[in-house]
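Per our numbering, residue 11 is the first one in the sequence shown, and the count goes up by one each step.
The beta-carbon is built from N, C-alpha and C at its ideal position, and this holds for glycine as well.
Let me begin by presenting the structure, written as structure tokens, before commenting on it.
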Amino acid sequence: MDLEKLLTDRLAPAFATVAGGPVDPVVRRSPRADFQSDAALALARRLGRPPRDIAAEVRDLAALDDVCTAEVSGPGFLNLTVTDRTLAALVADLAADDRLGVPVTPAPETVVVDYSAPNVAKEMHVGHLRSTVIGDAAVRLLDWLGHRVLRVNHLGDWGTPFGMLIEHLLDLGETEAAQELSMGDLDSFYTAARRKFDADEAFRERSRQRVVALQGGDERTLRLWRLLVAQSERYFLTVYALLDVTLTAADFRGESAYDDRLGPTVEELDRLGLLRTSDGADCVFPPGFTGRDGEPLPLIVRKRDGGYGYPATDLAALRHRTADLGATRLLYVVGLPQRQHFEMVYAVAELAGWLRSPTRAEHVGFGSILGPDGRMLRSRAGGSVKLVGLLEEAVARAVELTRAKNPELDEATITEIGRAVGIGAIKYADLATDRGRDYVLDWERMLSLDGNTAPYLQYAYSRIRSVFRRAGTAARPDAAILLVEPAERALAFELAGFAAVVGQVERTLAFHQLTGYLYRLASTFSAFYERCPVLRASGELRDSRLVLADLTARTLRQGLHLLGIRTPERM
Ligand code: ARG
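Shown next as structure tokens:
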């Protein structure tokens with residue numbers, strides 16, 4: 011049970027009595043006490059009574075003495091300070107709980123998470139990095155809470171570029187091409203194809219015919235297409251392994267998978283009377299979407315040449331996810347530039363009845379990664395930055411730092427720690443900024459052992475583990491919790507907040523709320539550790555402090571695990 015909920019449950023009946031109907035007590039963290047309830051102010055306006063009187067009446071009715079002290083303050087807040095006994099009992103419960111107080115959801119849903127989604131024969135860029143990292147965290151968190159999570163890697167594996175890509179593959183020869191692609195030379199492959207397409211009319215014509223053959227299901231063409239897709243998938247899997255995410259080969263479900271459903275989807279829109287022809291294309295004009303000059307914006311579902319594109323594919327995929335997979339929550343982890351596309355897709359799906367409450371679709375959008383100059387991250391040559399290069403650099407830097415700090419460790423251990431720290435640093439830097447915002451890639455800062463970084467939290471974890479190595483014992487889960495020093499109480503209070511934060515992120519998918527919590531927890535632990543001797547304490551106090559330390563380590567480990575970040579035992 012988390013504290014906010016405990017207090018809310020205790021206050022709600024009292025408010026209901028005073029108001030003559032249900033009222034949300036609005037319990038939140040307070041700068042003046044542990045929590046405050048603000049509901050008396052709005053209620054007072056409604057009842058035409060002084061807010062302080064209402065707050066006092068609620069306080070008296072609620073009889074909170076066994077859990078907290080309550081004080082009317084300011085214009086009519088109720089300041090709530092949890093009693094040490096309540097806090098100690100709660101921490102003891104957490105210590106005995108594998109799930110650290112986080113309940114399995116009482117209302118499990120089927121959630122489809124659409125993320126990563128790079129494009130065949132094209133390099134993954136930093137946008138795909140963000141999608142992969144945020145999507146992986148979403149999958150881990152929702153899965154841990156007991157939802158049925160379906161990972162979908164909506165690979166860009168279909169459409170007109172494949173004509174030119176297949177022709178280029180034929181020009182190179184299959185073996186040669188396969189080699190180039192499996193080495194991750196995706197960009198040079200794509201650029202070379204593109205260059206020929208732009209410069210050479212004969213190549214262009216061959217490419218066009220190849221698209222027709224591909225869409226017509228020509229066996230030889232399909233085989234070449236599969237070769238391209240398979241080589242790219244193999245390459246993407248090496249990136250996922252390096253990035254240490256849970257995506258597997260079974261999660262690829264590219265755009266091509268919906269090919270059969272495109273025709274029926276557009277026919278259904280037609281049957282529902284939603285189609286309009288505009289410039290020869292079949293379009294839906296969902297209400298509320300207008301362009302710069304105020305004219306209605308179309309979602310083009312069938313192009314003038316009869317082909318289907320990105321919007322039709324997303325509509326068919328959405329329909330499949332709700333109707334066939336039974337999903338009630340659809341997440342699309344894609345950069346903010348695609349916001350309008352998704353909002354229009356959702357709006358059309360609602361019009362067509364494919365997306366109905368309580369089922370909902372959410373665009374889990376994110377900003378860009380910027381270079382040190384504050385502009386979009388670019389390579390020295392001015393092209394897009396190769397993702398693998400970025401990950402390798404992070405690991406190399408972290409390995410150097412680890413070696414410098416622990417010269418006595420063997421090389422294999424140094425490499426293992428370096429990987430955990432380097433990849434952890436990249437992921438954490440991404441998850442720790444409000445995802446809607448851009449952020450600057452800053453190696454020094456994200457690998458720093460001070461501040462809101464993965465290495466700081468990993469180090470905090472390993473330090474606690476080393477306390478236990480020195481103690482030579484584990485914490486006794488049945489030990490009584492004593493909250494003597496203010497620093498001790500502050501730590502207990504943070505530990506009690508884990509469940510509330512996880513519950514919040516389940517709704518918002520704003521992972522910076524979780525990183526912020528973990529950072530506060532580690533800082534609070536560090537203050538506790540400075541002021542409260544653990545190994546040098548004795549008797550019950552030592553046992554109690556060992557439990558607090560162990561619970562901190564477990565909470566840090568679980569929290570980082572939900573973000574896809576490893577916690578080495580030593581650093
Ligand atoms: N492949 C697309 C890109 O690289 C992202 C696809 C996102 N998912 C979706 N259902 N549209 O931009």
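Under the DSSP assignment, GLN46 falls in the beta strand (DSSP E) whose first and last residues are 45-47. Annotation: the continuous beta strand (DSSP E) that includes THR120 extends over 120-124. In the displayed model, LEU365 falls within coil according to three-state DSSP, outside both helix and strand.
Collapsing the DSSP output to three states places HIS373 in a strand. Under the three-state reduction of DSSP, ALA80 is assigned to strand. For THR287, the three-state secondary structure derived from DSSP is strand. When Cβ pairs closer than 8 Å are counted between the two stretches, the segment 429-436 is seen not to touch the segment 349-369, the count staying below three. Around the beta carbon of SER476, fewer than 16 other beta carbons lie within 10 angstroms, which makes this residue exposed.
Sorting LEU16, SER288, ALA52 by C-alpha distance to the C-alpha of VAL28 places ALA52 at the top. Annotated three-state conformation of ARG385 is coil, per DSSP. Take the alpha-carbon of ALA203 and the one of ASN462: they are about 44 Å apart.
DSSP places PHE299 outside both helix and strand once states are collapsed to three, so it counts as coil. Straight across, the Cα-Cα distance linking ASP420 with SER548 is about 36 Å. With a beta-carbon spacing of about 5 Å, VAL92 and ASP44 fall inside the 8 Å limit used to define contacts. Under the 8 Å Cβ criterion, the segment 130-142 does not count as touching the segment 108-117, having fewer than three qualifying pairs. The alpha-carbon of ALA484 is positioned some 12 Å away from that of ARG552. Within its own chain, the residues whose Cβ lies closer than 6 Å to the Cβ of ALA502, once the five positions on either side in sequence are excluded, are LEU97, VAL101, LEU493, listed in chain order. At least one heavy atom of ligand 1 lies closer than 6 Å to the C-beta of ASN129. Here GLY194 is buried. Its C-beta has 16 or more other C-beta atoms within 10 Å. Under a 10 Å Cβ-count criterion, THR287 is classified as exposed, with fewer than 16 other Cβ atoms of the shown protein chains found around its own Cβ.
Approximately 7 Å separates the beta-carbon atoms of GLU184 and LEU237; this is inside 8 Å, confirming the contact. In the displayed model, THR91 falls within a strand according to three-state DSSP. In terms of Cα proximity to ALA50, the closest of VAL37, VAL162, PRO543 is VAL37. Taking C-alpha positions only, GLY304 is separated from ARG220 by approximately 40 Å. Taking 6 Å as the cut-off, the C-beta of VAL136 does not count as close to any heavy atom of ligand 1. If one requires a minimum length of 4 residues, the alpha helix (DSSP H) runs lying completely within the segment 548-578 are 549-572, in chain order. Per the Cβ contact rule, the segment 149-164 is not in contact with the segment 207-225 (fewer than 3 Cβ pairs under 8 Å). Residue pairing from DSSP places GLY166 in a beta bridge opposite ASN129.
About 7 Å separates the beta carbon of PRO465 from that of SER458, a gap short enough to meet the 8 Å contact definition.
Judged by DSSP secondary structure, LEU309 falls within the beta strand (DSSP E) whose first and last residues are 309-312. Using a 10 angstroms sphere on the CB of LYS415, the tally of other CB atoms stays under 16, which defines it as exposed. Here the segment 143-157 lies against the segment 566-574, with 3 or more beta-carbon pairs under 8 Å apart. The Cβ atoms of GLY301 and LEU309 lie no closer than 7 Å to each other.
In this chain, the beta strand (DSSP E) harbouring ARG38 covers 37-39. Relative to ligand 1, HIS164 has its C-beta within less than 6 Å of a heavy atom. Boundaries of the beta strand (DSSP E) around TYR342: 339-342.
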